[in-house]
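One structure is given below, encoded as structure tokens.
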DNA sequence: ACAAGGCATCGATGCCTGTCAATATAGACA
DNA sequence: TGTCTATATTGACAGGCATCGATGCCTTGT
């Protein structure tokens with residue numbers, strides 16, 4: 001297990017509206033939301049998630065944006081460090097796929113908990 | 001209806017993982033997430049939502065933080081302009097309450113709809 | 001009319017971030 | 001070994017943001 005991402009510890013609690021978040025909880029969840037709070041990263045994550053097989057490489061993603069390759073690489077790094085996507089290097093290509101647990105825990109926090 | 005908040009138009013679409021977000025969708029949703037992506041604002045929203053009656057005034061919120069009153073006021077303004085909370089001035093006090101539609105649409109976007 | 005208190009706004013400051021060009025790294029293939 | 005290609009890293013720059021102190025606005029009560 002290479003690194004402990006924010007998604008590992010965050011958002012494993014009661015929904016936002018049930019009881020006040022503690023300072024610690026808020027400081028764990030905020031980085032997750034911050035990683036998502038960018039139009040490019042939202043599209044990147046959505047693009048990866050909706051892809052056939054649930055994965056995409058940088059070259060695929062690059063083609064969908066009018067941004068330079070380093071910028072896309074930077075955004076994927078942010079998503080990865082937040083624990084929202086996993087990396088898998090196969091040969092020359094690097095494939096990203098969404099980490100479903102992270103998204104689910106975020107959804108539970110925001111309060112769409114169907115009992 | 002004083003202003004059209006981001007929450008009015010954003011996040012009324014398929015979950016993030018179903019199909020790629022368009023640029024327009026991403027640019028509508030991102031401000032909502034950005035408004036939430038701050039530890040103080042997360043606690044503020046949670047505090048308001050979990051309050052008896054679902055509302056709180058600035059003076060209540062101020063007491064829960066080690067920040068100045070202008071800073072709290074600024075954060076509540078950000079939440080309000082994103083469409084996440086409503087304002088209601090009653091006498092000297094200003095009461096905030098969460099706008100449930102905004103949170104629900106965000107939750108639907110993130111994808112906590114397990115069929 | 002005046003004073004007091006709750007809240008918003010303004011201006012300034014220091015830090016964070018999105019973007020790019022240039023460069024580095026690393027795997028595949030001849 | 002050397003070249004080509006895919007991805008990451010670095011350094012720099014501009015814009016954004018969280019915070020504060022000072023101040024203004026508005027409502028209530030005297």
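Residue numbers (our numbering), protein chains in the order written: chain A, 1 to 115; chain B, 1 to 115.
Beta carbons are placed, not taken as given, at the ideal position from N, Cα and C, and that holds for glycine.
Since the model is a prediction, treat every value here as computed from it, not as a measurement.
Scanning the region 39–81 of chain A from its first residue to its last, the whole alpha helix (DSSP H) runs of 4-plus residues come out as 39–49, 58–63 and 69–81.
Nearest CB-CB separation between residue 34(B) and chain A: below the 9 Å threshold.
The beta carbon of residue 110(B) is closer than 8 Å to those of 15 and 16 in its chain, skipping five residues each way along the sequence.
Rounded to the nearest whole angstrom, the CA to CA distance from residue 20(A) to residue 61(B) is 11 Å. Secondary structure of residue 98(A) (DSSP, three-state): strand. When secondary structure is reduced to three states using DSSP, residue 29(A) falls in the helix class. Residue 89(B) is bridged by DSSP to 94(B). For residue 83(B), no Cβ of chain A is located within less than 9 Å of the residue's own Cβ. Under a criterion of Cβ atoms nearer than 8 Å, the residues of chain A adjacent to residue 23(B) are, in order, 39 and 43.
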